[in-house]
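Shown next as structure tokens:
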């Protein structure tokens, strides 16, 4: 494991061997995980110190925060971002040199709208703090991945909302299911109210504990109001904050009285309630209303010393026959059979979003409509493809057809309807007998329909499996192979042909280490992947050369090779 950075403080970001450094970090995370499982705490702490001194960890953290992360353009109170290779290289050297002496800065308070119309407060750390947090997360996370409870799915590598929904389906799908009462619970402002002393005590003797304490107490700067010290909570917006929330909530299953089979810790004992948690949202499946009320009382007592409490407006006890909403899904029993489908609130949100986007696109051309709407429809369909969504997809296709038809008529008010239909609708997808597909006649690009997304039951992750566990390396490689990336058929063929790697730099073309956790994140993944990869045409010169060929490369590798700053080609229509 490399510890020291470049001796002359000069680093060429564009020639770094990323595969080497990411392998270093991955192997060290695996060693921390294994040592934790073995209960060898002196070794765990020594390995964590090694991770915090690692030059590879610093480089990978800078790349994750300043190059790959969707929030790389967002600045903290100092206004700094790192969008070019020289700035990223300078950031890496400076971060590594100040690893021990760094003093955290206050976070910048911003607000984003919530689904209920209220505002959600976020705390945006400065760029250097985000890099240091990513470094500490790589040291702390594998320890807790070896310790976390099996039914915790939020903000964890290799786990997703779909896993939380799938485990509910597994436990309550049969007609003989016994846990028919549900405690549908939500915590009140969990990120903002975590007790610092309890959290730091849970972290124990972690080598970076002092830095984490400083982050927790760094304070908040809000434009127009100035600086406010923080006595509780962890800023929702920090790189390490989701991990700290999971650490604070570790032990909920035990507090609820959940008991696992000794012979198989993946199975919950008969007669025991079953708790499924995604960050600060949770459901507890119980055998009776009385048991659900008892579990709620136990959890309230457990949460209080940690500074947390239930949001009574969103916490309720219901029977499965009445149904409940969780993570944008509705789960309800119909005639003894559990059906999970998109919630009415989620459908309302996406229809409102589509209508607003189409109104904003009045006056734009068809190509701009496709660029804007395509990721929304694909992202939403991908998020809900693992449940009973067929009827909802068909209804959304009808709704979107009306929006696109209305848009087309607005663009050409003097043209007859038959001309509008011929101009914008047709059988663009040659493999489908559908002549009502919206598209662009000039480019041949079109808008895929929701219903074209095949309904496939999500493969539930093994409760004991972690990407940090070297013993499960083959298992995770198999799961990655079966996750379909947002590429067209020709790009998927090239991806398989190249074994998923860029021929220029040798790094993985797709590097999402955590599955998208919401329709918006799926949408962002589509947009990011579309910009991150481009086709490179290899032209043979001379009469005896090889035929022209095409390969996939990173967009930044292509721009570096050609010296161009143009946008990459579109990978799907």
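Numbering (the working numbering), first residue to last: 263 to 835. Every residue, glycine too, gets a C-beta built ideally from N, C-alpha and C.
Determine the contact status of residue i and residue j, defining contact as a CB-CB distance below 9 Å.
| i | j | result |
| --- | --- | --- |
| residue 564 | residue 495 | no |
| residue 334 | residue 343 | yes |
| residue 482 | residue 722 | no |
| residue 539 | residue 411 | yes |
| residue 280 | residue 350 | no |
| residue 519 | residue 535 | yes |
| residue 314 | residue 354 | no |
Under the three-state reduction of DSSP, which class applies to residue i: helix, strand or coil?
| i | result |
| --- | --- |
| residue 387 | coil |
| residue 820 | helix |
| residue 720 | coil |
| residue 442 | coil |
| residue 673 | helix |
| residue 650 | coil |
| residue 374 | strand |
| residue 464 | helix |
| residue 513 | coil |
| residue 488 | strand |
| residue 666 | helix |
| residue 540 | strand |
| residue 811 | strand |
| residue 328 | helix |
| residue 447 | strand |
| residue 547 | strand |
| residue 768 | coil |
| residue 552 | helix |
Quick one: give me the first and last residue of the beta strand (DSSP E) that residue i is part of.
| i | result |
| --- | --- |
| residue 304 | Note, residue 304: premise wrong, no beta strand (DSSP E); alpha helix (DSSP H) at 303–315. |
| residue 502 | Premise fails: residue 502 is in no beta strand (DSSP E) and is neither H nor E. |
| residue 593 | 591–596 |
| residue 581 | 578–581 |
Can you give me the start and stop residues for the alpha helix (DSSP H) that residue i sits inside?
| i | result |
| --- | --- |
| residue 289 | 280–299 |
| residue 601 | Note, residue 601: premise wrong, no alpha helix (DSSP H); beta strand (DSSP E) at 599–604. |
| residue 430 | 423–434 |
| residue 587 | Careful: residue 587 lies outside any alpha helix (DSSP H), inside the beta strand (DSSP E) at 586–588. |
| residue 452 | 452–455 |
| residue 338 | Where residue 338 is concerned, there is no enclosing alpha helix (DSSP H), given that its DSSP letter is neither H nor E. |
| residue 472 | 471–478 |
Is it buried or exposed for residue i, if we count other Cβ within 10 angstroms and need 16 for buried?
| i | result |
| --- | --- |
| residue 479 | exposed |
| residue 718 | exposed |
| residue 630 | exposed |
| residue 516 | exposed |
| residue 627 | exposed |
| residue 681 | exposed |
| residue 596 | exposed |
| residue 282 | exposed |
| residue 804 | Below a pLDDT of 50, predicted positions are generally treated as unreliable, and residue 804, at 45, falls in that range; the measurement from the model is reported next regardless. Its Cβ having fewer than 16 others within 10 Å, residue 804 is exposed. |
| residue 277 | exposed |
| residue 726 | exposed |
| residue 348 | exposed |
| residue 273 | buried |
| residue 260 | Since the first residue shown for the chain is 263 and the last is 835, residue 260 is missing from the structure and cannot be characterised. |
| residue 320 | buried |
Any heavy atom of the ligand COA inside 8 Å of the beta-carbon of residue i?
| i | result |
| --- | --- |
| residue 680 | Of ligands this structure carries none, so the ligand COA is not represented either. |
Within 9 Å (strictly less), CB to CB, does residue i reach chain D?
| i | result |
| --- | --- |
| residue 468 | Within the model displayed, chain D is absent; a lone protein chain is all it includes. |
- Query: Just checking, does the stretch 379–394 make contact with the stretch 361–371 on the three C-beta pairs under 8 Å criterion?
  - Reply: Proximity of the stretch 379–394 to the stretch 361–371 meets the contact definition, three or more beta-carbon pairs being nearer than 8 Å.
- Message: Does the structure place the stretch 470–481 close enough to the stretch 755–762 that three or more beta carbon pairs sit under 8 Å?
- Response: No, they do not touch.
- Message: Closer than 8 Å is the cut-off here; do at least three beta carbon pairs connect the stretch 498–513 with the stretch 412–419?
- Response: With a cut-off of 8 Å, the stretch 412–419 and the stretch 498–513 count as touching, because enough Cβ pairs lie within range.
- Task: Would you check if the stretch 633–646 and the stretch 671–679 touch, i.e. whether three or more CB-CB distances between them fall below 8 Å?
- Result: In short, these stretches do not touch, since the Cβ pair count stays below three.
- Assess, as a yes-or-no matter, whether the stretch 429–444 is touched by the stretch 653–672 under the definition of 3 or more beta carbon pairs within less than 8 Å. Result no; under three Cβ-Cβ pairs closer than 8 Å.
- Any 3 or more C-beta pairs closer than 8 Å across the stretch 297–311 and the stretch 451–464: Not touching, per the Cβ criterion.
- Is the stretch 406–413 close to the stretch 688–700, with three or more CB pairs under 8 Å? Taking 8 Å as the limit for Cβ pairs, the verdict is that the stretch 688–700 does not touch the stretch 406–413.
- Do three or more CB pairs link the stretch 482–493 to the stretch 604–619 at distances below 8 Å? Using a Cβ-Cβ distance cut-off of 8 Å, the stretch 482–493 and the stretch 604–619 are not in contact, since fewer than three pairs of beta carbons, one from each stretch, lie closer than that value.
- Query: Using 8 Å as the threshold, is the stretch 565–583 in touch with the stretch 612–624, meaning 3 or more CB pairs across them?
  - Reply: In the pairwise beta carbon analysis, the stretch 565–583 is classified as not touching the stretch 612–624: fewer than three pairs are separated by under 8 Å.
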